[in-house]
């Protein structure tokens, strides 16, 4: 089954065309700067070469049209007509408690996703725009929504509830939902396949670390705790997000900086994290370069970033009653060898031994723990699109 996987943002669309039977990626690319005069589409040709096309795309509907145009292009396309697309899978960020699994998109589903706008004002509207664009252009093609939050709906109340007045949960749905669920689900299962372990019997900690970052505790195949909360701001220190912070500090800053709610949201989401502390960049590659030059603020930012990951691994080891597998994924987890080494060496108390030679690998599936390690530590590149395609094929095949 040929499935188009779409990840629609407010000004961008990422896509992959996947054959769910062979797991082959037939085409991939993305649109950026939607709504701006210099919007463009970049894609990979069948021969592996890359192309960028500058084209006017005032809205998401036109962006989806341009993606389909490239897919069916006589020279660069991989399909002859839209008819070859048998289903479309969408990444949808927030499903609150309304969705605990991937679902076929219906008008009722669209309305429920819209009800989640208040807790995901940047992401869900963009996701819906993509869904509506496909509905208009490919009205007969079934669509599936795959939610970032769904995997974490198995968390017990003691893990997802905040110690706020209970009516905050009852009336407004304020609780921890968690994100990156599609990634955590994929890499935890794939890690067990890679290691030859039974997924439903392992205690796993997955570390999706990059510009956005989260850690999840998985026991017997289900998520029992995760670091992100009502929004993706809670938990680890990230590229521009603050992660865990004393809410009293935010109230104080609101007063002394004369900030309103939007100002605070901008502060904690766009001006904090690694970029805010270092004053250099949100890109960890830039931070590593600055550390190598002896920059003190970059060094502190990196130390903070790694320290918080270490804290969550320790906390989730306690929650799980021990750990069998630790997984690194995401931009940093897959490529930043120095961070992996520091973390592994600080986990020796768990019986982790470290394979320095294996750790030289970047972006590949590999075990970086030693043969005598009591805990298996692996690097598994995430593939959320393949997970979305898998869910989409399963749901559409059952129609």
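Numbering (the numbering used here), first residue to last: 238 to 636. Even for Gly, the Cβ is constructed at its ideal location relative to N, Cα and C.
Query                                                                                                          : Result
Contained alpha helix (DSSP H) runs [length at least 4] in the stretch 465 to 543, N- to C-terminal order      : 484 to 493, 498 to 507, 510 to 515 and 521 to 529
Residue 431 - containing alpha helix (DSSP H), residue span                                                    : 418 to 432
Helix, strand or coil at residue 318 [DSSP, three-state]                                                       : coil
Contact check, residue 421 vs residue 567, beta carbons under 8 Å                                              : no
Limits of the beta strand (DSSP E) - the one that residue 266 falls within                                     : 261 to 269
For residue 587, the residue or residues it bridges with in DSSP                                               : BP columns for residue 587 are empty, so no partner.
Helix, strand or coil at residue 328 [DSSP, three-state]                                                       : strand
Identity of the residues DSSP links to residue 252 by a beta bridge                                            : 243 and 266
Contact check, residue 380 vs residue 368, beta carbons under 8 Å                                              : yes
Residue 499 burial status per 10 Å Cβ neighbour count (16 or more: buried)                                     : exposed
Touching by the beta-carbon criterion (3+ pairs, under 8 Å), the stretch 243 to 252 and the stretch 352 to 364 : yes
Three-state class that DSSP yields for residue 444 in the structure shown                                      : strand
Identity of the residues DSSP links to residue 190 by a beta bridge                                            : This structure gives no information on residue 190, because the portion of the chain shown stretches from 238 to 636.
Residue 632 (DSSP reduced to helix, strand or coil)                                                            : helix
Cβ pair count under 8 Å reaching 3, the stretch 469 to 482 against the stretch 507 to 527                      : yes
Given 8 Å, three or more beta-carbon pairs between the stretch 345 to 361 and the stretch 296 to 316           : no
Check whether residue 326 and residue 629 have beta carbons under 8 Å apart                                    : yes
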